[in-house]
Amino acid sequence: MRSTRLLACASALGLMLASTSAMADGKMDRARAAVAEARGKVDAAARAGTGQVAPRALTDAQASLRAAEDDLKASRKDQAIVDAQNASRLADLALNETQRAQADKAAADKAAADAQAADAARAASDAEARARAAEADAQAARNAPPPAPVIIAAPPAPPPAPTPTETTVTTSTTTPVPATRTVVKRAPAKRVVKRTVVRKAPAPAAKTTTTVTTKTN
């Protein structure tokens, strides 16, 4: 009876130890799986270029991954799982931000390409319209009547040359003849003397007359 009890106790203890060992092995496996999953996500985020879009999130994810790996080496299974899950969350966040930024850039590039294509189409349409207008102008010019001749009037005849004239200048000078006066003086009664005195009057100035005669040939 007593031996039976001892055997039962030994069996129960063996089962308990086996269960505990199995649980420990299972938690370690979960910790390893969590760390491996976190490592894959962090590497994927780094390859996607999250370092340029969300550098802080990627840096935090890498730090959490290193902590989880250290916990796993030290058999801190629970802490390793926590750190690994945190690393996975941060890697997902960085990857989502990167994908959103890439989508925004793709949309912006498409909008720019569409605008450029629209500008090119508008420029082509304008060029075609100008070509049609030029062709219409050329057709109108071909169909237009010829211009009226331009008549240039002859210049007026020069005025006749002036008729030569001949001018004759005649100059005559007239000198007056001095006048003569007779003066009679009476002598006393005793003697009568008659004298004739001729006095020259001052010669008057000569008078010059100029006559101009113009004759037209």
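All the letters of the sequence shown, read from the start, carry residue numbers -24 to -1, 1 to 193 under mature numbering (1 follows the signal peptide of the UniProt record, and there is no 0).
In this text, a Cβ means the ideal position worked out from N, Cα and C, and glycines have one as well.
Model, not experiment: these values are computed from the prediction.
- When the beta-carbon positions are compared, V18 and Q38 come within less than 8 Å of each other.
- Annotation for P31: the continuous alpha helix (DSSP H) segment containing it runs P31 to K49.
- Judged by pairs of C-beta atoms under 8 Å, the segment 86 to 102 does not touch the segment 40 to 55, as fewer than three such pairs exist.
- Take the alpha-carbon of P31 and the one of S64: they are about 15 Å apart.
- Relative to the Cα of V58, the nearest Cα in the group A9, A109, I128 and A114 belongs to A9.
- For the pair A99 and A67, the CB atoms are not nearer than the 8 Å cut-off.
- Counting the other CB atoms within 10 Å of its CB gives K53 a total of 16 or more, which places it among the buried residues.
- A direct Cα-Cα distance of roughly 37 Å separates A14 from A87.
- Counting every other CB atom within 10 Å of its CB across the protein chains shown gives D95 a total below 16, marking it as exposed.
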